[in-house]
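**Q** According to numbering that gives the first Met the number 0, the stretch in the sequence shown is residues 0 to 87, in order.
Backbone N, C-alpha and C define an ideal beta-carbon position, used for all residues, glycine too.
Quick caveat, the model's predicted, so the values are computed rather than measured.
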Amino acid sequence: MKYKNANLVLPDSLVKELQKYFQGGYIYVPINEDVRKSWGELSGYKDELEERNSNIIQKFRKGIPIEALADEFYLSVHAIRKIIYKKV
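1. Does the beta-carbon of Ile79 have 16 or more other beta-carbons within 10 angstroms, so that it is buried, or is it exposed?
2. With a CB to CB cut of under 6 Å and the five nearest residues on each side skipped, what residues in its chain are close to Ile26?
3. Grab the span of the alpha helix (DSSP H) containing Glu16 for me, first residue to last.
4. In this structure, does DSSP put Glu32 in helix, strand or coil?
5. Can you give the Cα-Cα distance for Lys15 and Leu48, rounded to whole angstroms?
6. Throw me the rounded Cβ distance for the Phe21 and Arg51 pair, which I believe falls under 8 Å.
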């Protein structure tokens, strides 16, 4: 997170209003929830997990045993079961 000088990015009237409540320190301004990305969207990891889980389900439907899937994907049998039997 980068720090910015309020005098450089905010109008003078807003800086004066902020100074009524807070002076001489750092203040965090959170991102607007409307534009906030959910977990894994920025890195693409969420999509990778969805693709992996889809592959696990397809292979299970083709008859590959849960134990073999656990070995192939380096997951526990319990984790494979959670992926396969997850309610959508």
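**A** According to the structure shown:
1. As a position in the sequence shown, residue 79 is number 80, starting the count at 1. Buried is the call here.
2. Residue 26 sits at position 27 when you count from the first residue of the sequence shown. Hits under 6 Å: none found.
3. Along the sequence shown, one-based indexing puts residue 16 at 17. Counting along the chain, Glu16 sits inside the alpha helix (DSSP H) bounded by residues 11 to 20.
4. Here the question's residue 32 lines up with position 33 in the sequence shown. Coil, per DSSP.
5. Along the sequence shown, read from residue 1 onward, the residue named residue 15 stands at position 16. Along the sequence shown, read from residue 1 onward, the residue named residue 48 stands at position 49. Straight-line Cα distance between these residues: approximately 48 Å.
6. Counted from its first residue, the sequence shown places residue 21 at position 22. Counted from its first residue, the sequence shown places residue 51 at position 52. In this structure Phe21 is not in contact with Arg51, their Cβ atoms being roughly 46 Å apart against a cut-off of 8 Å.
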